[in-house]
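Below is one structure, written out as structure tokens; the observations come after it.
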Amino acid sequence: FEKDSRPVILYDGVCNLCNGGVNFMLDWDARGKMAGTKEPMTAALLLLLVVPCSSFHAVSHCSKAVRNIREQGLSRTNACITRYTGLTCKASATAQGEMASPSWQEIVRKVFEKDSRPVILYDGVCNLCNGGVNFMLDWDNPTQLRGNFRFAALQSEVGRALLQRGGRRPDDISSIVLACEDGKTYVKSEAILRIGKGLGQGTVLWPLAPVVSTTALKIVPSPVRDVFYDFVADNRYNFFGISDECRLSDERFDNRFVSDL
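Here it is in structure tokens:
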């Protein structure tokens with residue numbers, strides 16, 4: 338503190354939850370006053386996001402069960418600075434949107450030719466989305482090597498082909514997508530809740546995750562659910578930051594990621 342009186346926040350450098358919190362604080366530390374004075378609704382929603390996280394952090398020190406969820410459910414990085422292994426792609430390619438492959442039908446056919454598991458399409462450069470992928474990898478039937486879902490980046494060749502099959506633009510990265518073998522495609526909150534129905538087997542989340550997801554699908558109208566989803570999705574880069582690499586694979590889960598065909 339000899340030349341700088343600012344407080345220092347100490348965080349767990351190998352915890353994905355903690356690193357996500359650091360990204361959030363870096364992005365909003367200098368914007369707090371602006372959000373509080375000019376955007377009261379935004380500030381209020383941010384409080385709804387921050388307070389549960391703060392409570393979760395406090396409880397994790399008191400409860401062994403919750404601490405295990407933080408360490409196992411949210412996974413750990415192999416180094417203090419998270420660098421995803423595998424192929425990389427430029428973030429700028431996302432904005433420019435390369436021309437879709439003319440043989441997207443053939444790509445889709447190959448995706449489900451020998452494996453009927455649904456494919457979750459996520460934004461490979463979004464820190465929030467990659468955190469969600471880590472969570473799903475750890476809680477998607479961890480007792481089985483295959484799990485219930487596979488993953489592909491929206492920016493990948495497979496992702497672009499599956500977007501076209503669902504009637505969406507091949508460069509549309511505005512929403513998470515659940516692509517099923519039967520040709521059905523789910524987006525936004527419906528995709529998340531349908532994914533939730535398949536999570537938790539063999540873990541403490543079973544059967545809570547499927548029950549809550551099924552109930553929300555039946556009771557809460559999709560327009561209501563999607564209002565919150567759209568707000569977070571539209572501001573995900575501002576809230577949680579953006580990676581300079583596009584996560585297309587993970588060496589720990591080779592059979593869970595769909596490589597380009």
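The opening residue of the sequence shown carries number 338 in this note's numbering; numbering runs sequentially from there. Ideal Cβ positions, reconstructed from N, Cα and C, are used throughout, including at glycine. If you're wondering where the values come from, they're calculated on a predicted model, not measured in any experiment.
CB-CB under 6 Å to residue i, same chain, minus the five flanking residues each way: which ones, in chain order?
{"i": "D519", "result": "none"}
{"i": "Q538", "result": "N478"}
{"i": "L465", "result": "R573, F577"}
{"i": "L491", "result": "L458, D460, I510"}
{"i": "C463", "result": "R573"}
If you draw a straight line from the alpha carbon of residue i to that of residue j, how long is it in whole angstroms?
{"i": "N572", "j": "S493", "result": "22 Å"}
{"i": "C390", "j": "L354", "result": "Per-residue confidence for C390 stands at a pLDDT of 43, beneath the threshold of 50, marking its modelled position as unreliable; the derived number appears in the next sentence. Looking at the two C-alpha atoms, the distance is approximately 9 Å."}
{"i": "C517", "j": "N360", "result": "33 Å"}
{"i": "L347", "j": "E339", "result": "18 Å"}
{"i": "R454", "j": "V595", "result": "11 Å"}
{"i": "A528", "j": "F488", "result": "13 Å"}
{"i": "F565", "j": "K447", "result": "35 Å"}
{"i": "D567", "j": "R483", "result": "31 Å"}
{"i": "R497", "j": "F472", "result": "23 Å"}
{"i": "T552", "j": "V345", "result": "43 Å"}
{"i": "I579", "j": "V557", "result": "31 Å"}
{"i": "A570", "j": "V561", "result": "15 Å"}
Does the separation of the CB atoms of residue i and residue j fall below 8 Å?
{"i": "Q501", "j": "W441", "result": "yes"}
{"i": "G468", "j": "G357", "result": "yes"}
{"i": "L474", "j": "R584", "result": "no"}
{"i": "L545", "j": "L530", "result": "no"}
{"i": "D587", "j": "V495", "result": "no"}
{"i": "S526", "j": "D563", "result": "yes"}
Which same chain residues, not among the five before or five after residue i, have their C-beta less than 7 Å away from its C-beta?
{"i": "L542", "result": "W476, L536"}
{"i": "D341", "result": "none"}
Name the residue from the options whose alpha carbon lies nearest to the alpha carbon of residue i.
{"i": "G533", "options": "G503, F568, E443, N485", "result": "N485"}
{"i": "E443", "options": "R584, L363, L499, C463", "result": "L499"}
{"i": "V445", "options": "C463, V470, F472, G503", "result": "G503"}
{"i": "R589", "options": "R343, V549, V470, P558", "result": "V470"}
Exercise. Within the chosen definition, does the region 444 to 459 reach the region 508 to 515 through at least 3 CB pairs nearer than 8 Å?
Worked result: Between the region 444 to 459 and the region 508 to 515 there are three or more C-beta pairs closer than 8 Å, enough to call the two in contact.
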